[in-house]
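Q: This structure is in structure tokens; I'll ask about it shortly.
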Amino acid sequence: MKVFQKVKPRVYKFGDKQADGSSAMKNLLGGKGANLAEMSAIGIPVPPGFTITTEVCTEYNLLGKETVVEMIREEMETSIENIETLMGTKFGNKENPLIVSVRSGARVSMPGMMDTVLNLGMNDDVVLGLAKKTNNEQFAWDSYRRFIQMYVGVVLGMKPASKDDIDPFEEIMENLKEKRGIELDTEFTINDLKDLVFDFKEAVKKRTGHDFPTNPWDQLWGAIIAVFNSWNGNRAVYYRNMHGYPADWGTAVNVQAMVYGNMGDNSGTGVCFTRDAGTGENVFNGEYLINAQGEDVVAGVRTPQQITKLGSERWAELAKIEEEDRVQNYPSLEELMPSIYNELNSYQDILEKHYRDMQDMEFTMQDGKLWILQTRNGKRTGAAMVKIAMDLLEEGMIDEKDALTSIQAIKLDELLHPIFDPKALKKANVIAQGLPASPGAATGKIVFFADKANKYKNSILVRIETSPEDLEGMNIAKGILTARGGMTSHAAVVARGMGKCCISGAGALKINYKTRTLKVGGHEYHEGDWISLNGSTGNIIEGKVATIEPELSGEFAEVMELSNKYAIMKVRTNADSPKDAKIARSFGAQGIGLTRTEHMFFEVDRIKAMREMILAETVKGRKKALKDLLPMQRTDFEGIFEAMEGLPVTIRLLDPPLHEFVPHQLATQKELADEMHISLQSIKNKVSELEEFNPMLGHRGCRLGNTYPEITEMQTRAIIEAALNLKERGIHSKPEIMVPLVGTVKEFEFQEEIIRSTANKIFKERDNKLEYLVGTMIEIPRAALMADKIAEKADFFSFGTNDLTQMTFGYSRDDAGKFLPTYIEKGILKVDPFEVLDQEGVGQLVIIGTERGRSVKSNLKVGICGEHGGEPSSIEFCYNSGMDYVSCSPYRVPIARLVSAQAAINSIK
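When we follow my numbering, the leftmost residue of the sequence shown carries the number 30, and every step to the right adds one.
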């Protein structure tokens, strides 16, 4: 037998207003375990239990089941004894049994992504003892039925044979309902439940070849190991990858005494939010079910009722239910059990003030007594996140810095998506109404299965109800529509966390998976038909609905203003057209960090002149073609400068290899030969001549300008003349000319000489001048190492981290997709370095380049213009590296502005 030295506790107890842990221990106890400990310590009624730490999950993955079981066995037994003492029960005792739940709990909320087992400890003897103790035989057998059904799915892995089939145990239940002529689980008789238990165990024996486990300790160890395994289950891995959570975090396991919501009409269960998770409105809300257990609410099998009277009235209005009918058949908890409601209302107020954030709570009412099973900072939409932060600030619960740092910057992206055009909505054909579970506008083609969500470019996932297995399809789809479930169902909670438009509980929908049809209001819709979802109203609309661009307003604008107050590092945009420049400026961009001039040459009226320049055999021929391009480029720059009046605009000189501009299809080559009055073979020869073995490392960037200086001359003239033209109109421009792909000082010097001599020539011609800067992109590792030499000449550096990443790793951006997913899956890389800046390698080159550049020119302006300029962790790195600005796509500007402020705040902390 192995002997383990007890170096640290691996199991933490809580209950009866005491706890070994606290909310500050989320990394060790997981979010759920830490909050259970905290609630117990501050006097909230929490069923007693214990938490097995996330470190044990990591040890399990390294050492295996037998070692870990032996490692924690003694602490487990002591912790079970503690629950027995507090509850006055005994684990495995048939007269006075302790029944427990086993739940996962990562350090961040991952709703539905890992496994849960309820009613653990039941067997043929215990069920009889529980029935006698509670004097409620119906409840005892219902709990036993639930336990077997959940345990075999989670621990024994009995799942539907295919996506077209239902759960094998649901099938047994549905057959019995049909035989008995009933519809609801609550209509089963005691004998029905006994029959179900017998049939369930028979199904287990038939499918697995083994009897259902009856020893409570065997059941408990099986459930704990299943929760650990679920950390690396497909849906958990997908969710982690989607949110960038590391695989080595692990999950905690929470074991708690069961409290029962299925003991009759004075029992129930529910989920509630201290504020609206969809809109951010400061209104207590949630849903409950009488005579049910917690999984019933989130599973969406039964559509729950509202907790508050206000919520119930709003629901009834959407569902078109008369007030008398509502009061009689769908009363709120506030109306049905006012004392329980008042107690719950007081706890939600206490917990929101304690955590200083919107809370997502789960509760159970057992025989008239209220228990709080969980609280956590609630998942919310981007719009709700912004509103809640600003409301909490106004209420004095948090300060300005807390308000800014409480917002996940990436969630702002949701507020920048197109919205339905109000004019188009007036003409829309609304075919059904559901619950507005997650706001937004979604238009797409119907798909009925999650694995078909990628069948169309824009899809709407239509399900009777969703399950955690649907996660990938939910992420791919533009919107989610379910026939069952409420505002706290799996579909609703996950969709809000993703910022995905969702409508749930649309009871009028008749969905048939086998025929792949949706029937509503006498109409039938098939897979591939277009529908639209208005997640703000719950309207389901036939066909497509036109959209418009969003605006910065309300609390969103307030957050941006507050960001400006604390941000030190500026935010520019990458924009190649006046339209993009105007959009970015409306979002608060403080200039342009990258204008790619090559994009301007691909338009139909310009590509011909560009190709003539490339195909010309002499300098004279090239200059003639460039002369045709000059007024086009000049006009482009005038539009961009005007859109960015008074703000700096960095323009990158021609960068891509010339072969990208020439025709590669025979028909286009023939057409060009006819237009230029040269032979087709001449075109073919030139195209062949321009081909390179590795074009990304070939004849491009400053190498083009140094080989063909007339290109740099034309582009410089277009930039300077555009700025002077605007100056004459009273519009102030700040051009910054950027030389790409510099690797040696001489390369930059040659280009700088062409730029400055051309500019001086224009100033003399026009008898007018203006200030401008000449700098370079640092995108070759050698340039970062030679930065002190280059900075003697350059006015600014802009780190082109796309190419810098490519050259530092030796990965081709165009081909890395073939192996990067495997690298991430195997843990060779944690993230895609083209999406998230590699701070250990590429980042060190950025730091070296910045430090060396400023060692000779202290006021050297430094920024970044790669894709990383819009990624939150990369932006924070840029701030900590001392950059003056980041530059990103127009729709990422608000995100970058917020992160810039957060970085400044965090640096002080």
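Every residue gets a Cβ at the ideal spot worked out from N, C-alpha and C, and that includes glycine.
If I measure Cβ to Cβ from L347 and keep anything under 7 Å in the same chain, skipping five residues before and after, which residues do I get?
A: For L347, where only same-chain residues beyond five positions count, the Cβ hits under 7 Å are Q462, L464, G567.
Q: Just to confirm, is the Cβ distance from P923 to F477 under 7 Å?
A: The answer is no: Cβ separation not under 7 Å.
Q: Only counting runs of 3 or more residues, tell me where the beta strand (DSSP E) segments fall wholly within the region 123-161, in order along the chain.
A: If we require 3 residues or more, the beta strand (DSSP E) runs fully inside the region 123-161 come out as 129-134, 145-149.
Q: What are the boundary residues of the beta strand (DSSP E) that includes T298?
A: First-last of the beta strand (DSSP E) with T298: 297-302.
Q: Could you spell out the range, first to last residue, of the alpha helix (DSSP H) harbouring W250?
A: Element bounds for W250: 245-259.
Q: Can I893 and V915 be called in contact, C-beta distance under 7 Å?
A: Yes, these two residues count as a Cβ contact at 7 Å.
Q: Short check: CB of K55 to CB of D49, under 7 Å?
A: Cβ distance not < 7 Å, so K55 and D49 don't count as in contact.
Q: Answer with buried or exposed for N603, where buried requires no fewer than 16 other C-beta atoms within 10 angstroms of its C-beta.
A: With 16 or more Cβ atoms within 10 Å of its Cβ, N603 is classed as buried.
Q: With a cut-off of 8 Å, do at least 3 Cβ pairs link the region 151-170 to the region 266-276?
A: No, the region 151-170 is not in contact with the region 266-276.
Q: In whole angstroms, give me the CA-to-CA distance for K860 and R926.
A: What sits at residue 860 in the sequence shown is Val, not Lys. About 23 Å.
Q: Starting from A66, follow the beta strand (DSSP E) in both directions and report where the run begins and ends.
A: First-last for A66: 55-70, but that is the alpha helix (DSSP H), not the beta strand (DSSP E).
Q: Considering just the uninterrupted stretch of the beta strand (DSSP E) at P764, what are its terminal residues?
A: It spans 763-768 - the beta strand (DSSP E) in which P764 sits, taken as one unbroken run.
Q: For L939, count neighbouring C-beta atoms within 10 Å of its own C-beta (all shown protein chains included) and say buried if the count is 16 or more, exposed if not.
A: Nothing can be reported for residue 939, as the shown portion of the chain is limited to 30 through 938.
Q: Does any residue of chain D bring its CB to less than 7 Å from the CB of G62?
A: Looking at the structure shown, chain D is missing, and only one protein chain is on hand.
Q: Can you give me the C-alpha to C-alpha distance between W344 and D420, rounded to a whole angstrom?
A: One C-alpha to the other measures close to 24 Å.
Q: Please give me, in chain order, every unbroken run of the beta strand (DSSP E) with length at least 3 that falls completely inside the region 417-495.
A: Runs found: 459-462, 464-467, 470-476, 488-492.
Q: Alpha carbon to alpha carbon, how far is A751 from N797? Give it in angstroms, no decimals.
A: The straight-line gap from Cα to Cα measures roughly 13 Å.
Q: Tell me which residues share the same chain as R545 and place their Cβ nearer than 6 Å to its Cβ, disregarding the 5 neighbours each side in the sequence.
A: F477, E556.
Q: Inspect the CB distances between the region 927-937 and the region 585-602 and report whether three or more fall short of 8 Å.
A: The region 927-937, when compared against the region 585-602, does touch it at the 8 Å Cβ threshold.
Q: Would you kindly report the start and end of the unbroken alpha helix (DSSP H) that includes G572?
A: Run containing G572: none; DSSP gives neither H nor E here.
Q: Exposed or buried, S708, counting other C-beta atoms within 10 Å across all chains shown (16 or more means buried)?
A: The residue is exposed, with fewer than 16 neighbouring Cβ atoms inside 10 Å.
Q: Whose C-beta lies closer than 7 Å to the C-beta of A482 among residues of the same chain, with five residues either side of it excluded?
A: Closer than 7 Å at the Cβ level, and outside the excluded window around A482, lie V476, S488, L490, G502, I505, A506.
Q: Could you tell me which residues DSSP pairs with P677 in its beta bridges?
A: Its beta-bridge partners are K763.
Q: Closer than 8 Å is the cut-off here; do at least three beta carbon pairs connect the region 112-127 with the region 435-442?
A: In short, these stretches do not touch, since the Cβ pair count stays below three.
Q: Going by DSSP in three states, M187 sits in which element: helix, strand or coil?
A: DSSP places M187 in coil when its eight states are reduced to three.
Q: Taking contact to mean at least 3 C-beta pairs separated by less than 8 Å, is the region 679-690 in contact with the region 623-631?
A: The region 679-690 vs the region 623-631: in contact.
Q: My output table needs one value for V915: the three-state DSSP class, helix, strand or coil.
A: In the structure shown, V915 sits in a strand (DSSP, three-state: E or B).
Q: Where does V181 fall in DSSP's three states?
A: Correct three-state label for V181: helix.
Q: Compare the C-alpha of E580 against each of M661, Q698, D442 and name the closest.
A: That would be D442, whose Cα lies nearest to the Cα of E580.
Q: Would T511 be called buried (16 or more neighbouring beta carbons within 10 Å of its own) or exposed?
A: Answer is buried; the Cβ neighbour count reaches 16.
Q: Measure from the alpha carbon of A383 to the alpha carbon of each residue in A53, G528, L676, then state which is nearest.
A: According to the sequence as given, residue 383 is His; it is not Ala. Closest option to H383, Cα to Cα, is A53.
Q: Helix or strand or just coil, what does DSSP make of R405?
A: R405 falls in the strand class under three-state DSSP.
Q: Can you say whether N64 is buried or exposed, counting buried as having 16 or more other CB atoms within 10 angstroms of its CB?
A: It is buried - the Cβ of N64 has at least 16 other Cβ atoms within 10 Å.
Q: In terms of alpha-carbon separation, which member of G583, A232, M767, S296 lies closest to I680?
A: Among G583, A232, M767, S296, the Cα nearest to that of I680 is on M767.
Q: Any contact between the region 450-457 and the region 511-526? By contact I mean 3 or more CB pairs, one from each, below 8 Å.
A: Touching, no, given that fewer than three Cβ pairs across the two stretches are closer than 8 Å.
Q: Quick one: residues in its chain with C-beta nearer than 7 Å to the C-beta of L538, no 5 flanking neighbours on either side, listed in chain order?
A: Excluding positions up to five away in sequence, the list reads A461, A512, L547, V549.
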